[in-house]
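Okay, so here's the structure we're looking at.
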Amino acid sequence: MLLMQSVPLPSHAGATTMSETEFARFFSQPAPALAADLIGTTLMFDGAGGIIVETEAYDRDDPASHAARGQTRRNASMFGPPGRAYVYRSYGIHWCLNMVCGDRAGSAVLIRALQPTEGLDVMRERRGTSDIRLLCNGPGRLCQALGITGTLDGKPLDAPPFWISRGTEPVETAAGRRIGLTRAVETPWRFVLAGSRFLSRPMAAL
DNA sequence: ATATCGATGCCCT
DNA sequence: GGGCATCGATATG
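Each residue of the first sequence is one higher than the one before, starting from 96 at the first, in the numbering used here.
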């Protein structure tokens with residue numbers, strides 16, 4: 096069947112796709128809640144991907160957020176419907192992927208690290224390293240590994256080339272300070288899979 | 001293991 | 001013109 100061929104199969108047991116209403120409910124959560132819930136979720140993009148092990152929440156009333164000073168051309172996707180991508184260029188060089196969420200405009204979750212499970216060969220080629228721990232351990236690195244660029248800004252996350260599946264097994268998460276910020280540094284809106292060796296940086300004590 | 005620094009381009013004031 | 005939700009190389013313990 097044509098439809099089946101376009102859907103990548105997760106390699107780990109227990110994965111499940113979301114119905115339309117589950118998807119809508121999932122992404123209507125406030126950013127910190129979704130950021131925590133995304134840990135352990137599988138993210139695929141055009142045949143490559145893995146398990147989300149690190150996220151950060153940003154929202155409208157958050158001085159560190161791109162949305163803090165209102166809508167602009169760059170952050171327009173953050174003010175659009177939830178369940179879509181917000182992709183922006185970081186430091187002029189890298190792309191970073193967010194998932195737009197919330198019951199009001201200006202909320203998103205930055206995807207910071209994956210545990211790679213699918214498409215290892217193409218990710219190694221794109222990243223220029225064979226070290227599996229260096230493929231997706233950072234927001235810029237995972238976009239390079241998956242081939243995500245600015246053309247995906249505003250695209251829905253429940254349609255190809257994106258594919259998202261929540262795990263059925265509960266996972267242990269930890270929260271801490273966000274990385275690389277100069278503002279709102281105390282807000283503990285970074286979430287990780289406890290004990291993961293695929294993080295962009297180890298979780299520091301609060 | 002952690003620290004520092006330069007690259008790089010676009011957004012926004 | 002200033003600042004930046006990063007990365008990789010380099011230096012050092």
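C-beta: ideal position from N, C-alpha, C; glycine also.
- Distance from the Cα of Val280 is smallest, within the candidate group Ala159, Asp132, Pro125, Ile259, for Ala159.
- Secondary structure of Gly223 (DSSP, three-state): coil.
- Inter-residue distance for Phe293 and Ala208 is about 7 angstroms (C-alpha atoms, whole angstroms).
- Rounded to whole angstroms, Gly142 and Glu213 show a C-alpha spacing of 7 angstroms.
- In the pairwise beta carbon analysis, the segment 188–205 is classified as touching the segment 242–251: at least three pairs are separated by under 8 angstroms.
- CA-to-CA, the gap between Thr263 and Arg155 works out to about 31 angstroms.
- Per DSSP, reduced to three states, the secondary structure at Gln239 is helical.
- In the structure shown, the three-state DSSP call for Met194 is strand.
- Thr116 sits in a helix when the DSSP states are folded into three classes.
- Ala163 is the residue among Ser202, Ser172, Ala163, Asp132 whose C-alpha sits nearest the C-alpha of Arg278.
- Pairing Leu133 with Gln166, the inter-Cα distance amounts to about 25 angstroms.
- Here Glu267 is near Ala289, since their CB atoms are less than 8 angstroms apart.
- The beta carbons of Arg236 and Arg222 sit about 7 angstroms from each other, so the pair counts as a contact at 8 angstroms.
- Around Thr112, the same chain offers Ser260 as residues with beta carbons nearer than 6 angstroms, after the five sequence neighbours per side are excluded.
- In terms of Cα proximity to Tyr186, the closest of Thr282, Pro297, Gly275 is Gly275.
- Taking each of Pro127, Gln124, Phe140, Thr116 in turn and checking the Cα distance to Lys250, the smallest one comes out for Phe140.
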